[in-house]
Ligand code: URA
């Protein structure tokens, strides 16, 4: 006797999402109810009734339930990238230099960087399609802490450290006070961790330059609660739920504080 084996349900692929999941993600019905709607012939894909539960919905497909078009809920994406030196924090570069796009996973929805790092700066770069959170994290009024590890020429004097704590006058503005930790002092150069809450263009480089200690290398170790950990140079990973919750809290706590003042 031959036994009939039930066909394996189709899995989501990069090319598409299972129809029942697509309907439930859009908030129309539970996954089980979506199965019923499909089985009852209420669901059309590109105008054709489909009763196949495993139908894959591909980008651009039009789905309706009893004639009501369904809009998919776009998945929100939160990535941290270990940006290498020699890569532009832009989606396209007219001068054809390498950009962060090359380092993103293939087939993901469009994400944008949360702020930017210089071409010659490495380290933590958040990428997301959650525009609201990105704006909040970047808004100067919420002042998210960013920590950089700088290799600088020479050694900081006590006066330099005081100036960095109090705020260094630059060409067009005075940088707010920074936290400083001298990690090591070698002959001719020092390694210093600096935490700032502003995010002006080339700010860290200009602060050290103004004090006569040009930056030789710069790596962002931390953006708010998100750090590099053991993420390799040029690699990306999704934020963990815990990291995402922490990031949301940072923006929120600072937003609440700003509202109260
Ligand atoms: N400050 C800098 O000078 N460069 C960066 O890339 C980030 C902060």
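Numbering (the working numbering), first residue to last: 371 to 631.
Glycine included, C-beta positions come from ideal geometry on N, C-alpha and C.
As the structure is a prediction and not an experimental result, all values here were calculated from the model.
Secondary structure of residue 436 (DSSP, three-state): coil.
Look at the beta carbons and you see the segment 410-419 not touching the segment 453-461: under three pairs across the two are nearer than 8 Å. For residue 582, the closest C-alpha among the options 551, 459, 422, 530 is that of 530. The Cβ atoms of residue 447 and residue 481 sit closer than 9 Å to each other.
Inclusion of residue 574 and residue 591 in the CB contact set at 9 Å is not warranted, their separation being larger than that value. Around the beta carbon of residue 491, a 10 Å sphere encloses 16 or more other beta carbons of the protein chains shown; the residue is thus reported as buried. Ranked by Cα distance from residue 417, the first of 400, 405, 440 is 440. Taking C-beta separations shorter than 6 Å and ignoring five residues to either side along the sequence, the partners of residue 386 in its chain run 426, 427, 428, following chain order. Applying a distance threshold of 5 Å between residue Cβ atoms and the heavy atoms of the ligand URA selects 487, 488, 491, 572, 573, 574, 575, given in chain order. Under the criterion of beta carbons closer than 8 Å, residue 601 and residue 450 qualify as touching, at roughly 7 Å. With contacts defined as CB atoms closer than 9 Å, residue 473 and residue 484 fail to qualify as a contacting pair.
For residue 451, the enclosing beta strand (DSSP E) has its first and last residue at 448-453. Nearest in C-alpha terms to residue 513, of all of 614, 421, 593, is 593. In this structure, the beta-carbon distance from residue 561 to residue 522 falls below 9 Å. For residue 423, the CB contacts under 8 Å within the same chain, skipping 5 residues up- and downstream, are 379, 388, 389, 390, 405, 408, 409 in chain order. In the three-state scheme derived from DSSP, where H, G and I count as helix and E and B as strand, residue 527 is classed as coil. Listed in chain order, the non-local C-beta contacts of residue 467 below 6 Å within the same chain comprise 458, local neighbours out to five positions each way being set aside.
With 16 or more neighbouring CB atoms inside 10 Å of its own CB, residue 613 falls in the buried class.
A straight line joining the alpha-carbon of residue 547 with that of residue 438 spans about 56 Å. For residue 588, the enclosing beta strand (DSSP E) begins and ends at 585-593. Looking at 420, 419, 430, 436, the one whose alpha-carbon comes closest to that of residue 399 is 436.
When 597, 578, 525, 486 are compared, the shortest CA-CA separation from residue 556 is found for 525. Residues 606 of the same chain have their beta carbon placed closer than 7 Å to that of residue 475, with the five preceding and five following residues left out of the count. Under the three-state reduction of DSSP output, residue 510 falls in the helix class.
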